[in-house]
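Here is the structure we will look at, set down as structure tokens.
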Amino acid sequence: MSASPNRRRFLVGAAAAAVTGLTLGSPADRKAMAATPASSSSPAATQGNWRWCNKCQCLAFAGNLSLGPCAAGGTHDHGGSGNYVLTQDDPSAPGQPNWRWCNKCQELAFAGKPSLGPCPAGGSHNHAGSGNYTLVANVPPQPGYQANWRWCNKCQALAFSGSYSLGACAAGGSHNHAGSGNYQLRLTA
Ligand SMILES: [Zn+2]
Ligand SMILES: [Zn+2]
Ligand SMILES: [Zn+2]
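Each residue of the sequence shown is one higher than the last, beginning at 43 in my numbering.
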């Protein structure tokens, strides 16, 4: 699969995947599929259905058939999570770009480091098919946003650091947020 996805090819791939049931579409696929077939002109904006996992604390996309393997064991569990809405493929959006969806574990992870980080599915995260997500960090509290989301310097994932546990990390032990900014995510009901 190409690392710089062509959306039209992706639609074809996603449709084929839906038929075979073997693989899942990416968040970007879903957005494209929900739009009109000629979707290239529609400005990307936001994408919901990102959820907090109450086991590993990570943010993961919940719109695919598989919730993704969890570093705490089993699959991610989004019980108790709100609906997080991310900004996608918007170069004018303020914040830090290069956050990507992993098509193996469904997590959001930072792709700007030499290492993509270990994936709870095994190997490293794989961002093929992902859009380019932009997150805001280190800004004053904004209405409708939730702070205390942090980058893990071990697994590269974004995880909530406001719980009693930092959450299991795919690199072993718990997430380590040293060096991270304080990210704010838009949270809807
Ligand atoms: Zn999890
Ligand atoms: Zn992964
Ligand atoms: Zn981690």
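Built from N, CA and C at the ideal position, the CB exists for glycine as well.
Note that the structure is predicted; figures quoted are calculated from it, not measured.
Backbone CA spacing between residue i and residue j [nearest angstrom]
i: residue 102; j: residue 93; result: 5 Å
i: residue 105; j: residue 182; result: 30 Å
i: residue 192; j: residue 99; result: 10 Å
i: residue 147; j: residue 206; result: 23 Å
i: residue 228; j: residue 201; result: 14 Å
i: residue 213; j: residue 231; result: 32 Å
i: residue 73; j: residue 130; result: Confidence is the limiting factor: at residue 73 the pLDDT is only 41, short of 50, which leaves the residue's position unreliable and the question unanswerable from this model.
i: residue 153; j: residue 185; result: 28 Å
i: residue 120; j: residue 91; result: 10 Å
i: residue 128; j: residue 155; result: 21 Å
i: residue 216; j: residue 125; result: 24 Å
i: residue 180; j: residue 116; result: 33 Å
i: residue 144; j: residue 204; result: 23 Å
i: residue 123; j: residue 95; result: 7 Å
i: residue 118; j: residue 140; result: 23 Å
i: residue 218; j: residue 199; result: 10 Å
i: residue 190; j: residue 132; result: 23 Å
Anticipated Cβ contact below 8 Å, residue i with residue j, distance rounded
i: residue 138; j: residue 187; result: About 15 Å separates the two Cβ atoms, so there is no contact after all.
i: residue 211; j: residue 113; result: 6 Å
i: residue 194; j: residue 160; result: Not quite, the Cβ-Cβ distance comes to about 10 Å (not below 8 Å), so this is no contact.
Residue range of the beta strand (DSSP E) that includes residue i
i: residue 139; result: 138 to 143
i: residue 178; result: 175 to 179
i: residue 187; result: 187 to 193
i: residue 125; result: 125 to 130
i: residue 89; result: 88 to 94
i: residue 201; result: 200 to 202
i: residue 230; result: 225 to 230
i: residue 150; result: 150 to 152
i: residue 170; result: Neither: residue 170 is in no beta strand (DSSP E) and is coded neither H nor E.
i: residue 102; result: 101 to 103
Exposed unless 16 or more other CB atoms sit within 10 angstroms - verdict on residue i
i: residue 89; result: buried
i: residue 157; result: exposed
i: residue 43; result: Residue placement at residue 43 is poorly supported in this model, since its pLDDT is 35, which falls under 50; the coordinates still yield a value, given next. It counts as exposed.
i: residue 79; result: Confidence at residue 79 is low in this model, with a pLDDT of 37, below 50, so the placement of that residue is unreliable and no value is reported for it.
i: residue 134; result: exposed
i: residue 136; result: exposed
i: residue 97; result: buried
i: residue 162; result: buried
i: residue 165; result: exposed
i: residue 168; result: buried
i: residue 209; result: buried
i: residue 171; result: buried
Min CB distance residue i to chain C below 8 Å
i: residue 105; result: Absent from the structure: chain C. Only one protein chain is present.
Does the stretch 170 to 178 come into contact with the stretch 210 to 222, if we say contact requires no fewer than three beta-carbon pairs (one atom in each stretch) closer than 8 Å?
No, they do not touch.
So, does the stretch 107 to 117 touch the stretch 147 to 159, judging by three or more C-beta pairs under 8 Å?
Remark: three or more beta-carbon pairs, one from each stretch, lie closer than 8 Å, so the stretch 107 to 117 and the stretch 147 to 159 are flagged as touching.
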